[in-house]
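The structure appears right after this line, and notes come after that.
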Amino acid sequence: MFANALRSVGRLTRLARPSLSVARCFAAHVQHPAPDFAGMAVVNGDFKEIKLKDYAGKYLVLFFYPLDFTFVCPTELIAFSDRIKEFEEAGAAVVGVSTDSHFSHLAWINTPRKEGGLGGLKYPLLSDYKKSISRDYGVLLEPMGVALRGLFIINPQGIVRQVTINDLPVGRSVDEVLRLVRAFQFTDKHGEVCPANWEPNSPTIKPDVHGSKDYFKKVH
């Protein structure tokens, strides 16, 4: 049975490839307002409608995944859930989205982790059953009706600051998402820019010809 399931995922991945050119036509652009959304979610074990405007005034990590009850997806959702306190301490919220129903979300949340479930979840899981949100964000694989692994960092003013989209077989790094949230917050507050591999408390760069030399002298 497990081998058959793996073959099914492989077929889904192969089928997805011809559609990637469509998915690249992003509706959510960096430096532009995030597409509005509203839908039914599972929040703390209950059904509740959530909207983009609910997160005004804080950073939002909005991430899409293909399907409930699959293989890579629970590892990602659990990884975000286990680190949710760090996002909250950074003043950021997390919302997961797939094209499954909210009933499927609840069943998956209530399934033990040892059985491929989530074993509880510490952030909202939004249903995009009509596929409009995935389509608006440019991550929907139309023939299959599932989303690519898109992730969007949205600032307190509702502006998209970062976009990454993975193909189906590869999960994302929570460490990197946290690093990016903190980096954007740092630049918002201090006006300096963050170099490659920046981490909190490491040197930053003054964004001008003369000021930037302080950084280059320090690290080279």
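Per UniProt numbering, the sequence shown runs over residues 1 to 220. Think of the CB as a built atom: it goes at the ideal place given N, C-alpha and C, for glycine as much as any other residue. All figures in this text were calculated on a predicted structure; none of them were measured in a lab.
Helix, strand or coil at residue i [DSSP, three-state]
i, result
"Arg172", "coil"
"Phe64", "strand"
"Phe69", "coil"
"Asp46", "strand"
"Tyr55", "helix"
"Pro74", "helix"
"Leu151", "strand"
"Thr164", "strand"
"Gly39", "strand"
"Val193", "strand"
"Val146", "strand"
"Lys206", "coil"
"Leu121", "coil"
Residue burial classification, residue i (beta-carbon count within 10 angstroms, cutoff 16)
i, result
"Glu76", "buried"
"Asn155", "buried"
"Arg24", "Per-residue confidence for Arg24 stands at a pLDDT of 47, beneath the threshold of 50, marking its modelled position as unreliable; no derived number is given."
"Gly138", "buried"
"Asn4", "Because the pLDDT at Asn4 is just 46, under 50, the model does not fix this residue reliably, and the value given afterwards should be weighed accordingly. The residue is exposed, with fewer than 16 neighbouring Cβ atoms inside 10 Å."
"Phe103", "exposed"
"Phe152", "buried"
"Val22", "Its pLDDT being 42, under 50, Val22 is placed unreliably by the model, and the measurement read from it follows with that caveat. By the 10 Å Cβ count, Val22 comes out exposed."
Limits of the beta strand (DSSP E) - the one that residue i falls within
i, result
"Ala93", "Ala92 to Ser98"
"Arg83", "Note, Arg83: premise wrong, no beta strand (DSSP E); not H, not E."
"Leu125", "Leu125 to Ser127"
Cut-off 7 Å between Cβ atoms - residues of its own chain near residue i, not counting five sequence neighbours on either side
i, result
"Gly57", "Pro156"
"Glu86", "Leu178"
"Lys48", "Ala41"
"Glu199", "Arg179"
Residue range of the alpha helix (DSSP H) that includes residue i
i, result
"Val219", "Ser212 to Val219"
"His105", "His102 to Ile109"
"Arg135", "Ser132 to Asp136"
8 Å contact criterion, which residue i and residue j should meet: CB distance rounded
i, j, result
"His105", "Asp68", "6 Å"
"Ala147", "Ser134", "4 Å"
"Asp128", "Val97", "5 Å"
"Arg161", "Val30", "7 Å"
"Tyr215", "Pro203", "6 Å"
Close-in-space but distant-in-sequence residues of the same chain around residue i (CB under 6 Å, 5 per side omitted)
i, result
"Leu52", "Asp36 and Phe37"
"Phe184", "Arg161"
"Ala79", "Val174"
Cut-off 8 Å between Cβ atoms - residues of its own chain near residue i, not counting five sequence neighbours on either side
i, result
"Gly91", "Lys58, Tyr59 and Gln185"
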